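Down below is the structure, laid out as structure tokens.
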DNA sequence: ATGGTTGATGGTCAA
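Residue numbers (this note's numbering): 1280 to 1541.
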């Protein structure tokens, strides 16, 4: 199974780029975040025309929104909600004998202080709740893929400057600690770092707020694919489609591909 | 330290 995760930042605006991702990466499953579309306006006909007959989506007006597009039958869909909100940040599809999760962790605002910044507090709470739930719901024998924009870059090599980003939301010690706790809850295997050495720099996001995203390569690895230990030996390859950041009218995130043996 | 850009929306808010 070839699985792509991508924060598309509006599926309607960037549908032509989604078609390009489908054509170039030939995924069997695509997990999307920030679809930014309500369910009644989701482009179901267009997705099916791309070769994905089986669709799950969970969206709201203007913000957030997750989706899973599949060439293989989706047997069941679930949409957990966290922090007593209906934020459309989590979608689960049962595909064959495996669960695929599309997750969009709150970005957390600009100030890395939960007392001063409710958005940061929400991000931390979201991570704590998800961690408790994953730990209580799954075991190492579960067949689960967690894919999405987790909005945290855990390793020093996941950011362009570890020192300069220590107090920047996405790379603060408290966030990294909570993300590591979430990964350890089952535990999950980091599929990207399974193939790409942790010593090597690896980014999946480059800010829009730079006139030239390639200048000094100031990126971060915010998008992740994790698998349960039961799937570890099935991992075949992983790839970040860095080129997609240079496409016309790009998302600030690029697609990440992980290939698993069936 | 600050500001920079993009998207949905229709004034700003979120990222």
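Idealized CB from N, CA, C, for every residue including glycine.
Computed from a prediction, not measured in an experiment: that's the story for all the values here.
So which of the options has the shortest CA-CA distance to residue i?
i	options	result
residue 1427	1398, 1388, 1471 and 1303	1471
residue 1450	1463, 1465, 1460 and 1434	1434
residue 1282	1309, 1454 and 1497	1309
residue 1381	1289, 1372, 1387 and 1438	1372
residue 1303	1329, 1314 and 1315	1329
residue 1417	1298, 1299 and 1462	1462
residue 1392	1453, 1409, 1358 and 1333	1453
residue 1286	1469, 1438 and 1501	1501
residue 1339	1363, 1512, 1396 and 1289	1289
residue 1294	1530, 1538 and 1539	1530
residue 1480	1397, 1437, 1399 and 1431	1437
Where does residue i land, buried or exposed, given buried means 16+ other C-beta within 10 angstroms?
i	result
residue 1365	exposed
residue 1341	exposed
residue 1483	buried
residue 1368	buried
residue 1446	exposed
residue 1442	exposed
residue 1297	buried
residue 1379	buried
Skipping 5 residues on each side, what residues in its chain have a beta carbon closer than 7 angstroms to that of residue i?
i	result
residue 1375	1351
residue 1524	1485, 1492 and 1533
residue 1407	1457
residue 1306	1281, 1282, 1283 and 1536
residue 1521	1533
residue 1467	1425, 1505, 1506 and 1507
residue 1335	1346, 1347, 1353, 1356, 1370 and 1372
Please report the residue range of the alpha helix (DSSP H) in which residue i lies.
i	result
residue 1401	1397–1416
residue 1453	1452–1463
residue 1299	1294–1304
residue 1443	1441–1444
residue 1380	First-last for residue 1380: 1377–1383, but that is the beta strand (DSSP E), not the alpha helix (DSSP H).
May I ask which residues mark the beginning and end of the beta strand (DSSP E) holding residue i?
i	result
residue 1482	No beta strand (DSSP E) contains residue 1482, which DSSP labels as neither H nor E.
residue 1373	1369–1374
residue 1474	Here residue 1474 belongs to no beta strand (DSSP E); instead the alpha helix (DSSP H) covers 1470–1474.
residue 1334	1333–1337
Whose C-beta lies closer than 8 angstroms to the C-beta of residue i among residues of the same chain, with five residues either side of it excluded?
i	result
residue 1474	1514, 1516 and 1517
residue 1331	1301, 1309, 1348, 1349 and 1350
Under the three-state reduction of DSSP, which class applies to residue i: helix, strand or coil?
i	result
residue 1319	helix
residue 1499	strand
residue 1553	Nothing can be reported for residue 1553, as the shown portion of the chain is limited to 1280 through 1541.
residue 1324	helix
residue 1354	strand
residue 1524	helix
Beta-carbon within less than 6 angstroms of residue i's beta-carbon, same chain only, minus the 5 sequence neighbours each way: which residues are those?
i	result
residue 1377	1422
residue 1429	1384 and 1503
residue 1444	1438 and 1450
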